[in-house]
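Let me begin by presenting the structure, written as structure tokens, before commenting on it.
Protein chains in written order, with our numbering: chain A, 289 to 580; chain B, 12 to 327.
Next comes the structure, spelled out in structure tokens:
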């Protein structure tokens with residue numbers, strides 16, 4: 289190979305730059321517009337420079353009231369993150385052995401990725417409505433006062449909503465675990481076992497530290513996929529809203545840059561979260577190198 | 012993938028029994044994988060398999076204004092395809108909606124595939140050091156971590172009536188009145204979907220391209236192939252698995268889309284997903300379920316056709 293770049297390189301490099309502009313241009317424009325002063329509008333030119341819209345957003349007295357939805361989305365994303373990591377690791381360990389139904393489980397996980405989200409969302413909503421009806425019938429039949437007077441619906445962010453998010457995050461978690469254990473050397477576990485470690489000790493002191501960086505990767509996937517999830521959430525949150533749902537509902541009614549401020553703030557939140565997680569990974573790896 | 016883990020498991024069991032721990036562990040390894048896989052299996056059973064079953068069941072139920080009634084009736088499907096045969100050759104609403112969704116699907120697929128392949132090709136073959144490859148790849152994936160709603164509304168300052176594009180065109184004297192069809196139109200939907208989902212093409216195609224043995228390309232060049240021939244005869248066939256995975260992802264996402272078509276189409280464009288969403292709002296559950304079953308069938312046929320096009324087992 290010669291050192292001179294072929295002409296095709298420059299053409300493709302140009303296309304790559306255009307693609308970057310296409311990807312980032314719109315996001316940069318709302319970032320700029322969110323820092324306008326009070327008389328700023330939805331389009332260019334940028335009028336003034338201030339954090340007025342962020343303050344308004346923070347105070348919660350503008351067109352966008354997001355407090356409860358934001359808290360709900362955050363807690364839900366944390367729960368989804370923890371469950372995704374735990375369930376994916378367990379399933380990843382299971383797939384290292386042979387068990388009946390392994391292929392079926394893998395196919396179900398992959399179909400969960402490719403079945404349109406609206407169909408999954410609708411299905412879960414229907415299922416929970418049938419459960420509601422059954423509970424209400426039960427309450428009427430056995431004369432249970434609490435059900436008759438207080439029960440409204442089993443649909444909610446932490447029942448059907450949580451499940452809907454897991455059908456989206458778990459397939460990613462499982463595929464990452466496959467990639468991890470395909471490159472995993474079982475000799476270390478053998479050594480631990482030969483030294484008399486119980487299976488639990490082997491997992492706790494050998495397997496877990498070795499796969500820890502990848503678990504952080506799954507955690508990042510779990511959190512951000514849930515934090516931004518919208519299509520599967522649409523029918524299953526009951527009377528509550530998540531942040532993306534709130535945002536989608538506002539797109540048609542909001543007429544000032546506050547929504548851009550919200551966009552910039554949530555994007556900054558995700559980026560900070562990812563940076564934090566990857567810093568954690570590099571810290572773990574640095575410490576490990578020092579120990580070696 | 013599973014075969015590899017199977018042989019690993021086998022090897023470990025052989026070793027375990029050889030060292031004499033076999034009898035002690037015999038009951039362990041038998042049960043443990045089931046317990047470990049149980050939580051995931053349970054989640055998919057409750058929140059994926061049963062809901063799909065419920066959807067299929069409810070699609071055959073009856074509904075009144077106030078409630079849904081268990082029954083076995085084809086009424087809902089009949090309602091959806093009502094007048095479809097009578098009105099031929101004019102298309103009924105259902106067919107028109109599916110055709111419109113399919114149109115978006117094909118255009119977005121062609122766009123994401125072309126752009127995605129070009130970018131993946133550039134990253135895999137023209138970026139020489141691993142460090143820059145990683146940096147460029149990360150640059151492509153960062154927007155994936157932000158909300159799709161934010162990525163949609165970020166087009167407003169550019170495409171709006173007084174947006175950057177219109178202002179620029181007017182100041183250059185190319186047009187005199189602002190173009191109306193930039194935002195809230197078919198164009199905006201296609202642009203936005205391409206913007207959102209090109210990454211789904213880049214990642215798997217890049218993965219396939221990186222696996223191609225570089226000596227094959229050298230060999231093709233030595234055998235006298237020109238650049239175009241190398242691309243069409245060597246690289247594209249070897250990139251098929253990645254192209255396939257990306258295509259399945261994009262096509263299924265666009266077929267079921269209702270958010271982008273809703274927001275970027277100004278709630279004016281009909282799509283299958285939107286019909287289902289609207290019917291859910293009006294509590295017409297059996298009708299929505301029947302539409303979901305038809306959508307699911309259409310998507311599965313599409314995926315099946317794609318898989319027929321490329322035999323995965325042969326490619327891996």
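For every residue, glycine included, the Cβ atom is placed at its ideal position computed from N, Cα and C. Bear in mind the structure is a predicted one, so any value in this text is a computation, not a measurement.
With respect to the 8 angstroms criterion, residue 73(B) and residue 66(B) are not classified as neighbours on the basis of their beta carbons.
Counted as a single uninterrupted DSSP element, the alpha helix (DSSP H) harbouring residue 312(B) occupies residues 296 to 320. Its chain contains 518 as the residues whose beta carbon lies nearer than 8 angstroms to that of residue 536(A), once the 5 sequence neighbours on both sides are disregarded; these appear in chain order. About 4 angstroms separates the Cβ atoms of residue 379(A) and residue 51(B), confirming a contact at the 8 angstroms cut-off. The C-alpha of residue 229(B) is placed about 46 angstroms away from the C-alpha of residue 515(A). Not one beta carbon of chain A lies nearer than 8 angstroms to the beta carbon of residue 115(B).
From the listed residues 187(B), 274(B) and 186(B), the smallest Cα separation to residue 198(B) is found for 274(B). Annotated three-state conformation of residue 195(B) is coil, per DSSP. With its beta carbon at least 8 angstroms from every one in chain A, residue 189(B) lies outside the interface. The C-beta of residue 516(A) comes closer than 8 angstroms to at least one C-beta of chain B. Here residue 200(B) has 115, 271, 272, 275, 276 and 280 as same chain residues with Cβ atoms under 8 angstroms from its own Cβ, once five neighbours each way along the sequence are excluded. For residue 523(A), the secondary structure class from DSSP, reduced to helix, strand or coil, is coil.
At a cut-off of 8 angstroms between beta-carbon atoms, residue 532(A) makes contact with chain B. Among the residues facing chain A, residue 301(B) is not included, as its CB has no counterpart in that chain under 8 angstroms away. Around residue 86(B), no beta-carbon contact reaches into chain A at under 7 angstroms, the shortest distance being about 17 angstroms. Excluding sequence positions up to five before and after residue 175(B), its CB lies within less than 6 angstroms of the CB of 169, all in the same chain and listed in chain order. Following the DSSP letters along the chain, one finds residue 387(A) in no alpha helix (DSSP H), marked with neither H nor E.
A Cβ of chain A is located within less than 8 angstroms of the beta carbon of residue 130(B). Around the Cβ of residue 512(A), a 10 Å sphere holds 16 or more other Cβ atoms; the residue is buried. In this structure, the alpha-carbon of residue 502(A) lies about 26 angstroms from that of residue 58(B). Contacts with chain A at 8 angstroms (Cβ-Cβ) include residue 51(B).
Judged by DSSP in its simplified three-state form, residue 280(B) adopts coil rather than helix or strand. Close partners of residue 402(A) in chain B (Cβ separation under 8 angstroms): 259, 260, 263, 310 and 314. For the C-beta of residue 173(B), the chain A residues within less than 7 angstroms are, from N- to C-terminus, 331. DSSP links residue 79(B) through a beta bridge to 74(B). Proximity of the region 41 to 49 of chain B to the region 375 to 395 of chain A meets the contact definition, three or more beta-carbon pairs being nearer than 8 angstroms. The shortest CA-to-CA distance from residue 193(B) to any of 141(B), 285(B), 178(B) and 146(B) is the one to 178(B). For residue 457(A), there are no C-beta contacts with chain B under 8 angstroms, since the nearest C-beta of that chain is about 10 angstroms from it. Chain-order list of chain A residues neighbouring residue 267(B): 404, 405, 406 and 407, by C-beta distance under 7 angstroms. Under a 10 Å Cβ-count criterion, residue 496(A) is classified as exposed, with fewer than 16 other Cβ atoms of the shown protein chains found around its own Cβ. Taking 8 angstroms as the Cβ-Cβ cut-off, the region 411 to 435 of chain A approaches chain B at 411, 412, 413, 414, 415, 417 and 418, given in chain order.
In this model, residue 250(B) and residue 319(B) are separated by some 16 angstroms (Cα to Cα). With a cut-off of 8 angstroms on Cβ pairs, the region 444 to 452 of chain A is in contact with the region 518 to 528 of chain A, counting three or more such pairs. Residue-level contact by beta carbon holds for residue 539(A) and chain B, with a gap shorter than 8 angstroms.
For the pair residue 465(A) and residue 306(B), the Cα-to-Cα distance works out to about 31 angstroms.
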